[in-house]
Amino acid sequence: MTVVDQICSPPELPQYLKNIHELKPIQGIPSDEEMIEIHDVIRMAQKVVEAPGVGDPVLLYQLTEHLFNAQMVRYRSNYLSAVFPEDNTYTPPTLPAHISVSLEPIAGTPSDGEIMKVQEALRSYQQFSSVASMFDPHVNMELSQHLFDLQIAKYTQKVRQNQIKSTPGEAPSWSSTKVVEQTAGSTPDLKTTTNNPGSGANSSVSDQSARLVPNVDVQNALEQSNRLAEQANQLIERSNQIAERSNQIAERSNQLAERSDQSFEHSNKLAERFNELFERLNQHSEQSNQHHERANHLVEKLPKSVEKLGDALKVINKVLVRIQHAIVRSHRGNTIDALGCLVNEEGKTALFSKLKRQNILDRTSQSGNRANCRLQVVIEGGWEECFIPDNWLGELVRFFGIGKGICENESSGKLKAGKSDEARNKLCDYLSSALG
């Protein structure tokens, strides 16, 4: 697929982000205005990502992936036409006077120091994003693209050097070329993560691309595989042209006997060049396979990241339960009926629990004034009484998540033998801490 035919599709946006810009699919090379719109939407999404009920980390990830794809198309349109990447020159945008970092054009592969200097310039400039008179979205977009181009150039050169050192080139057959094309065509199904998604889009996106976070490296590997496959096809076409040229020279040498020696020498040079091109093709093929293996390895790590996210959400849920209890506790004039307002970690109240969809507290209040059913709870500094029979204790401690060690299992509302008093004490302490 050529750059002109490629389509970059954005994720579905909520209304508050559509009010900033309503992103549309981009066919071919993205314009400056389209790139600026993506950066603007990402900045707004980052501002609200931590807001409960509004922020969406998954949407932010999808937006940075969309930015990465758009930046990759611009990179490919500007630099992939060169047979030798070391001949490329990367020119930075002109920075305003209030940015102290000075950037110069970079010829060939950038050094670590040059990339770090561009990262510093991007961080410094994005500090003024809230000051309209000192922040130009177009400069921010160009600086982000410049950092992206340098990182891709650095990464590509490093992979090529490692491959040349570790594996001698072998002339590939046509069948090996077909394997490369199939690999490049099959990998887009792996869309779980990206590498360096939109380096420099905002301060956090810039830091993410600078560190090359592992759990977003898959998309970079896929794009690199596609790029290498395209270069391989270009090299094959050029090799065919050279072969045709060699045949023409051979025919001319037969016709011109007096120039046979010169034609023979020229043919040898072309053959050497032909072999060099095939060696590079073999190296690109092996690089593509390595990137595919790395993508699979990163996909295997994804479940661990999801598990960590689940643990964090559990902690947040417990904090929200405590906040709800504090809100109920702050109400003046609470009585024993306030027990029915307390939520558990599932966000349910005792009035709407799974206990046959019946009001626990109303059921328990029917037990009468039997001493063994009495449960004292501290409410606003004073003791209040309610009456809960033993057969409901197990359901209540399970409902509030305090039944560990006294219930037969976590999902059971049945107490272990001899645990009624302990369950009553635990329930008293829990409810008193919530309302006292």
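Read left to right, the sequence shown gives residues 1 to 436 (full-length UniProt numbering).
Yeah, the Cβ is synthetic: ideal placement off N, Cα and C, and Gly gets one too.
As the structure is a computational prediction, the values presented were derived from the model and not from experiment.
Note to self: Rounded to the nearest angstrom, what separates PRO303 and ALA312 at their Cα positions?
What the structure shows: On the sequence shown, position 303 is the one that residue 303 refers to. On the sequence shown, position 312 is the one that residue 312 refers to. PRO303 and ALA312: Cα-Cα distance of roughly 14 Å.
Check: Terminal residues of the continuous beta strand (DSSP E) containing GLU114?
Finding: For the purposes of this step, residue 114 is taken as the residue at position 114 of the sequence shown. It is not in any beta strand (DSSP E) - GLU114 instead sits in the alpha helix (DSSP H) that spans 112-126.
Item checked: Secondary structure of GLY382, DSSP reduced to three states -> Residue 382 sits at position 382 when you count from the first residue of the sequence shown. In the structure shown, GLY382 sits in a strand (DSSP, three-state: E or B).
Notebook entry, point to check: Can ASN344 and LEU435 be called in contact, C-beta distance under 8 Å?
Noted result: Counting from 1 along the sequence shown, the entry for residue 344 is found at position 344. Counting from 1 along the sequence shown, the entry for residue 435 is found at position 435. No, the Cβ-Cβ distance between ASN344 and LEU435 is not below 8 Å.
Notebook entry, point to check: What are the boundary residues of the alpha helix (DSSP H) that includes HIS331?
Noted result: Mapped onto the sequence shown, residue 331 falls at position 331. First-last for HIS331: undefined, no H or E at that position.
Check: Which residues bound the alpha helix (DSSP H) around residue 437?
Finding: Examination of residue 437 is not possible in this model, given that the chain is present from 1 through 436 alone.
Margin query: Tell me the DSSP secondary structure of PHE148 in three-state form.
Written below: Taking the sequence shown and counting its residues from 1, one reaches residue 148 at position 148. In the three-state reduction of the DSSP assignment, PHE148 falls in the helix class, which pools H, G and I.
Check: Does the distance from the C-beta atom of ILE406 to that of LYS416 stay below 8 Å?
Finding: One-based indexing of the sequence shown puts residue 406 at position 406. One-based indexing of the sequence shown puts residue 416 at position 416. Cβ distance < 8 Å, so ILE406 and LYS416 count as in contact.
Next item on the list: Give the straight-line distance between the Cα atoms of SER203 and ILE379, rounded to the nearest whole angstrom.
Entry: Along the sequence shown, read from residue 1 onward, the residue named residue 203 stands at position 203. Along the sequence shown, read from residue 1 onward, the residue named residue 379 stands at position 379. Residue placement at SER203 is flagged as unreliable, the pLDDT there being 41, under the threshold of 50; a coordinate-derived value is accordingly withheld.
Margin query: DSSP three-state label for TYR16, please.
Written below: Locating residue 16 in the sequence shown gives position 16, counting from the first residue. Helix, per DSSP.
Next item on the list: Measuring alpha carbon to alpha carbon, tell me which of LYS414, TYR79, HIS284 and GLU34 ends up nearest ASN22.
Entry: Locating residue 22 in the sequence shown gives position 22, counting from the first residue. Reading off the sequence, residue 22 comes out as Glu, not Asn. Ranked by how close their Cα comes to the Cα of GLU22, the residues LYS414, TYR79, HIS284 and GLU34 have GLU34 in first place.
Notebook entry, point to check: What three-state label does DSSP hand ALA417 in the structure shown?
Noted result: Reading the sequence shown from its first residue, position 417 is the one you call residue 417. Note: ALA417 maps to coil in three-state DSSP.
Checklist line | Meets three-Cβ-pair contact criterion under 8 Å: the stretch 45-58 and the stretch 70-80 | finding: By the Cβ test, the stretch 45-58 is not in contact with the stretch 70-80, since fewer than three Cβ pairs between them sit closer than 8 Å.
Next item on the list: Over the uninterrupted alpha helix (DSSP H) stretch that includes HIS66, give me the two end residues.
Entry: Looking up residue 66 in the sequence shown gives position 66. HIS66 -> alpha helix (DSSP H) spans 57-79.
Note to self: By alpha-carbon positions, which one of GLN151, GLN119 and SER432 ends up nearest to GLY382?
What the structure shows: To locate residue 382, count along the sequence shown from 1; it is residue 382. For GLY382, the nearest C-alpha among the options comes from SER432.
Next item on the list: Using alpha carbons as the reference points, say which of ASN425, GLY394 and ALA132 lies closest to GLU410.
Entry: On the sequence shown, residue 410 is found 410 positions in, with the first residue counted as 1. The candidate whose alpha carbon is nearest that of GLU410 is GLY394.
Next item on the list: Tell me whether SER186 is buried or exposed, calling it buried when 16 or more other Cβ atoms sit within 10 Å of its Cβ.
Entry: Indexing the sequence shown from 1 puts residue 186 at position 186. Because SER186 sits at a pLDDT of 36, beneath the cut-off of 50, its placement in the model cannot be relied upon, and the following sentence gives the value as read from the coordinates. Its Cβ having fewer than 16 others within 10 Å, SER186 is exposed.
Next item on the list: Enumerate in chain order the residues of its own chain whose CB-to-CB distance from PRO93 is below 6 Å, with the five nearest sequence positions on each side excluded.
Entry: Locating residue 93 in the sequence shown gives position 93, counting from the first residue. So the qualifying residues of the chain are VAL139, GLU142 and LEU143.
Item checked: Beta-carbon proximity list for ILE115, same chain, < 7 Å, skipping 5 on both sides -> Along the sequence shown, read from residue 1 onward, the residue named residue 115 stands at position 115. For ILE115, where only same-chain residues beyond five positions count, the Cβ hits under 7 Å are LEU150, GLN151 and LYS154.
Next item on the list: Could you pull the start and end residues of the alpha helix (DSSP H) that GLN46 belongs to?
Entry: Mapped onto the sequence shown, residue 46 falls at position 46. 32-47 is the span of the alpha helix (DSSP H), which, as asked, contains GLN46.
Check: How is ALA107 classed by DSSP in three states: helix, strand or coil?
Finding: What you label residue 107 is simply residue 107 of the sequence shown in a count that begins at 1. ALA107: strand per DSSP, three-state reduction.
Next item on the list: Compute the Euclidean distance between the alpha carbons of LYS356 and VAL328, then round it to the nearest angstrom.
Entry: Stepping through the sequence shown from its first residue, residue 356 is reached at position 356. Stepping through the sequence shown from its first residue, residue 328 is reached at position 328. Low confidence applies to LYS356: its pLDDT is 38, below 50, so where it sits in the model is not reliable, and the reading given next is rough at best. Approximately 25 Å, taken between the alpha carbons.
Notebook entry, point to check: Which residues mark the beginning and the end of the alpha helix (DSSP H) in which GLY403 is found?
Noted result: The count along the sequence shown starts at 1 and reaches residue 403 at position 403. GLY403 -> no alpha helix (DSSP H), and no H or E assigned at all.
Notebook entry, point to check: Looking at the structure shown, is LEU342 part of a helix, part of a strand, or coil, going by DSSP?
Noted result: Residue 342 sits at position 342 when you count from the first residue of the sequence shown. LEU342 falls in the coil class under three-state DSSP.
Notebook entry, point to check: Would a C-beta distance cut-off of 8 Å place GLN163 and GLU286 closer than the cut-off?
Noted result: For the purposes of this step, residue 163 is taken as the residue at position 163 of the sequence shown. For the purposes of this step, residue 286 is taken as the residue at position 286 of the sequence shown. Their beta carbons are under 8 Å apart, which means GLN163 touches GLU286 by this criterion.
Note to self: If you measure between the beta carbons of HIS28 and VAL4, is that distance less than 8 Å?
What the structure shows: Counted from its first residue, the sequence shown places residue 28 at position 28. Counted from its first residue, the sequence shown places residue 4 at position 4. In the sequence as presented, His is not what sits at residue 28; that position holds Gly. Cβ distance < 8 Å, so GLY28 and VAL4 count as in contact.
Note to self: ARG74 and residue 448 - do their beta-carbons sit closer together than 8 Å?
What the structure shows: Residue 448 falls outside the range modelled here, since the chain spans only 1 to 436, and no answer is possible.
Item checked: Burial state of GLN119 (16 or more Cβ within 10 Å) -> By one-based count along the sequence shown, residue 119 stands at place 119. GLN119 comes out buried.
Check: So, helix, strand or coil for GLN182, using DSSP?
Finding: Within the sequence shown, residue 182 is the residue found at index 182, counting from 1. Note that GLN182 scores a pLDDT of 32, beneath 50, so its modelled location is shaky and nothing firm can be said.
Next item on the list: Could you say which of SER330, LEU256, PRO137 and LEU122 lies nearest to ILE36 if we only look at CA atoms?
Entry: Sequence index remark: in the sequence shown, residue 36 carries index 36 (1-based). Of the candidates SER330, LEU256, PRO137 and LEU122, the one whose C-alpha sits nearest the C-alpha of ILE36 is PRO137.
Checklist line | LYS158 versus HIS331, PHE400, GLN6 and HIS284, residue with shortest Cα-Cα distance | finding: For this step, residue 158 is matched to residue 158 along the sequence shown. With respect to the C-alpha of LYS158, the residue from HIS331, PHE400, GLN6 and HIS284 having the closest C-alpha is HIS284.
Margin query: According to DSSP, simplified to helix, strand and coil, what is PHE387?
Written below: Start at 1 with the first residue of the sequence shown, and residue 387 comes out as number 387. Strand at PHE387.
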